[in-house]
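First to last, the sequence lines map onto chains A and B. Going by this note's numbering, the first sequence opens with residue 1, and the numbers climb by one from there. Going by this note's numbering, the second sequence opens with residue 1001, and the numbers climb by one from there. We put the CB at the ideal spot given by N, CA and C, even for glycine. Remember, predicted model here, so these are calculated numbers, not experimental data.
2 protein chains.
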Amino acid sequence: MTAVATRPLTPAARRILAVASELFYTRGINTVGMELVAERASVTKKTIYDRFGSKQELVVAYLRVRDERWRDYVTDHLAGARTPRARVVATFDALHTWMEAENPRGCAMVNAYTELSDPEHPGRAVAEGQKRWLRSLLTEIVADAGVADPAALAESLAMLHEGAVVARSVLGDTRAALTACAAARTLMTAHGIAADASEAAGQR
Amino acid sequence: MTAVATRPLTPAARRILAVASELFYTRGINTVGMELVAERASVTKKTIYDRFGSKQELVVAYLRVRDERWRDYVTDHLAGARTPRARVVATFDALHTWMEAENPRGCAMVNAYTELSDPEHPGRAVAEGQKRWLRSLLTEIVADAGVADPAALAESLAMLHEGAVVARSVLGDTRAALTACAAARTLMTAHGIAADASEAAGQR
DNA sequence: AGGTAACCACACCGGTAGGTATACTCGCGA
DNA sequence: TCGCGAGTATACCTACCGGTGTGGTTACCT
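Pasting the structure below:
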């Protein structure tokens, strides 16, 4: 009899989740009360608790949805890229456009990890999962390129991702992902993943 | 008549600041109440407000002290390094030992930036200042090495710093700073900052 | 016709948040 | 000796937090 058992969200539940996502991301999870969420979603608190059970579960739902959106976004960007090098570059392109479109306040997963200081909070696992996912994605890609130590290179590339997000949010550097991408290219070249012909249009 | 006008903190004020720093860092700023700080510092709330004026000012004091400690820590590590390359490596060494000693929960500045979602909160400027400081430090160092675009390389190196902190806190990767350092070395080599003789002992 | 899922309105709960008020004690320097 | 800064103790303020309970309305499924 767990709430949120997954599956077809009712119209009100969809509104609640949409409103909560927006609020949790832009103002922070801990500073947003359920009363505000209810008001913004034109719903009573009762309805929120009937659909989601608790704030904790609503937070988890928010993180899960956002995590999935990001994974799909990256996967879509990967579609057109054929070489491993182009695929890595595509992840940085995805990061760049994603941040410009809807990520001015940093990575939602890292933010949540920070805000949910209780180690038992299930939201932390979602955040951790996303970080591990990116690492394994990058590891697979560079392994395909025949790199000696794929995990180490992937880890460095992931750090550039993370660092770019911080630079974008704290310093307002809108070109952060581009700078990180340039560094990623340099790193790949040094590891023997050479620039292919199609990379003539690369700025840097 | 501002409180905290700086300088010689009374004994109680020192205890308050020490306790608040510990609590704010490990549990998060928003989840720690003044009542708890008072209790842990064996002080009444009255005393806190007499010395610091408000929670906001206490938070700023916490961030300032921590920022200064980190800058001093890095500066100390820079002392023994003579070449630009060794100096950059020294910043990663500092990061490594710092994180092992007292940073398991990520960067206090980035965390505070996340938690203090109100753009007007003066704590955000402290966090931003630390990020700019690291960038300018790294820019100076690589400029000394005669790199073509020092700012761009420094930015990449700073992103590796930031990414290492995230990897350490979210993923628990205790070797994160070492991995980042290896990437930094590769980046420097690619930018013409060659390994000097003294770098025989470098692991990687 | 009956049942049930999905909602609404509203009132309420205990707990805690940041912050203030009053009144008193102690030790130090002029 | 007197004032003052630093501190104590305790009680209190308003506001909001996450969460619950009651009761009622609509609409669809059987």
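Item: Coil, strand or helix - residue 1163(B) by DSSP; Value: helix
Item: Reference residue 154(A); option with closest CA among 164(A), 141(A) and 163(A); Value: 141(A)
Item: The stretch 23-30 of chain A in contact with the stretch 95-114 of chain A per 3-pair CB rule at 8 Å; Value: yes
Item: Residue 1095(B) and residue 1177(B) closer than 7 Å at C-beta; Value: yes
Item: Alpha carbon of residue 21(A) to alpha carbon of residue 70(A), nearest angstrom; Value: 14 Å
Item: Beta-carbon gap between residue 59(A) and residue 40(A) smaller than 7 Å; Value: no
Item: Under the three-state DSSP convention, the category residue 153(A) falls into; Value: helix
Item: Nearest candidate by alpha-carbon position, reference residue 164(A), set 92(A), 38(A) and 193(A); Value: 92(A)
Item: Straight-line gap, residue 188(A) to residue 1162(B) (C-alpha atoms, nearest Å); Value: 20 Å
Item: Backbone CA spacing between residue 1077(B) and residue 173(A) [nearest angstrom]; Value: 28 Å
Item: Stretch-stretch touch, CB-based, cutoff 8 Å, three pairs: the stretch 1046-1054 of chain B with the stretch 1125-1144 of chain B; Value: no
Item: Proximal chain B residues relative to residue 180(A), where beta-carbon distance stays under 8 Å; Value: 1156 and 1159
Item: Simplified DSSP state of residue 120(A), which is helix, strand or coil; Value: coil
Item: With 16 other Cβ atoms within 10 Å as the buried cut-off, status of residue 44(A); Value: exposed
Item: Euclidean distance between Cα positions of residue 120(A) and residue 56(A); Value: 11 Å
Item: Supposed close pair residue 1104(B), residue 1145(B) - CB separation, criterion 8 Å; Value: Wrong, their Cβ atoms sit about 33 Å apart, outside the cutoff.
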